[in-house]
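Student: All residue numbers for the sequence shown refer to this note's numbering, where the first residue is 189 and numbers rise by one. Below is one structure. I have some questions about it.
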Amino acid sequence: MSEAAMITYKQLSLEDKPLIESYLCQDFFYLSDVSFGNLYIWHTSRNISFCIVAGFLVIRTQYPQGKPFYFYPIGTGDKTQCVLALIEDSKARGERLEFRSLEARSVQELTLHFPDLFTFTPNRDRSDYVYSIKELIELSGRKYHKKKNHLNQFLQTYPDYSYTSIDPSNAPRVLQTWEEWYALNQEGASEGLKNENLGIINALKNYHVLGLKGGFISVGGVIVAFSFGEAINQEMAVIHIEKANPQYHGAYQIINQQLLAHEFSEYLYANREEDLGIEGLRRAKMSYNPVFLVEKFEAVCLQ
């Protein structure tokens, strides 16, 4: 492949949502990474672009000062020609093709069609945590005893609380609340928190267009917690953002429960994304008793 024939990628923008989702709906995923909401929330923190290659959607990502990597081709049918085109394109760029966030089935496909051409490495820090929505709404049994106690403490302390679904009329109010919370913690904020802040702002400003579903908890007219996500298949919703005022004990437990009860109760599973190797976050996610983890692998082409 000559340099002139290299694949041309388009920067992700809001207008691309219908096209990208037309390919996503042809495929089936348990992982959170490739939903349009996720891509859009994080598109300001990294370079995210895409192209249609051999009839499949290919998403290319590059962190600042990092090497580009790709998600596995998205669509239906035999992806062999698409992968071959990506291998040749990477060679033309002087790079080695690297896939990230591969599900086990994609690893099996690559191994079958390209034996001994890729090295595979599991990435535990990127595994998605998946929970039973029914269990997280009911919080019954010994394994949820502590969570139920926190929830009951909130209900006893704030019996006048209310849950409200986020819509275009109140999204600006949620955004204002978030900006006030972030202002209190922005000094010394990590790069990750700064990027998340931009993602929350972008999501709430374009909430209706993105098709997100979420809600907030109010006490005495004051927002004390909010959360939002989206359905990624017929079985699963992914929860992108969950924030609460820690001064209200049990606020995280109540928004977790109420969001699922009001917005996603018809789905089996809630994907609450990865822990990024952060020990405290890992403990918190494990404490909600995931029913399974979505293992993710990285693959590097040897050619």
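A virtual CB, placed ideally from N, CA and C, is assigned to each residue, including glycine. For clarity, every value in this text was computed on a predicted model and none was experimentally measured.
(1) Can you tell me where the alpha helix (DSSP H) with aspartate 277 in it begins and where it stops?
(2) Where does the unbroken beta strand (DSSP E) through lysine 401 begin, and where does it stop?
(3) Check histidine 343 in the structure and name its three-state DSSP category.
(4) Cα-Cα, which of Glu203, Gly438 and Leu245 is closest to glutamine 214?
(5) Using three-state DSSP, classify arginine 234 as helix, strand or coil.
(6) Relative to the alpha-carbon of glutamine 250, which residue among Lys431, Tyr197, Leu400 and Ala292 has its alpha-carbon at the smallest distance?
(7) Please report the straight-line C-alpha distance between proline 347 and alanine 413, rounded to a whole angstrom.
(8) Which residue spans inside the stretch 367-442 form an unbroken alpha helix (DSSP H) run of at least 4?
(9) Please confirm if the stretch 456-468 is in contact with the stretch 410-424, defined as three or more CB-CB distances below 8 Å between the two stretches.
(10) Is it buried or exposed, proline 360, if we count other Cβ atoms within 10 angstroms and call 16 or more buried?
(11) Look at the alpha carbon of leucine 327 and the alpha carbon of leucine 448, and state the distance between them as a whole number of angstroms.
(12) So is lysine 267 buried or exposed if we call it buried at 16+ other beta carbons inside 10 Å?
(13) Compute the Euclidean distance between the alpha carbons of arginine 330 and proline 478, then round it to the nearest angstrom.
(14) Enumerate, from N- to C-terminal direction, the unbroken beta strand (DSSP E) stretches of 3 or more residues contained entirely within the stretch 292-372.
(15) Using beta-carbon positions only, say whether glycine 225 and leucine 400 come within less than 8 Å of one another.
(16) Please name the residue, chosen from Thr345, Ser415 and Lys431, that lies closest to histidine 437 on a Cα-to-Cα basis.
Tutor: In short:
(1) Start and end: 268-280.
(2) 401-407
(3) With the sequence shown as reference, residue 343 is identified as leucine, and histidine is not the correct amino acid for it. Helix at leucine 343.
(4) Residue nearest to glutamine 214 within the set Glu203, Gly438 and Leu245 is Leu245 (criterion: CA-CA distance).
(5) coil
(6) That would be Tyr197, whose Cα lies nearest to the Cα of glutamine 250.
(7) 15 Å
(8) 379-393 and 395-398
(9) yes
(10) Flag for proline 360 reads exposed.
(11) 12 Å
(12) buried
(13) 15 Å
(14) 306-310, 316-320 and 350-353
(15) Glycine 225 is a Cβ neighbour of leucine 400, given a cutoff of 8 Å.
(16) Thr345
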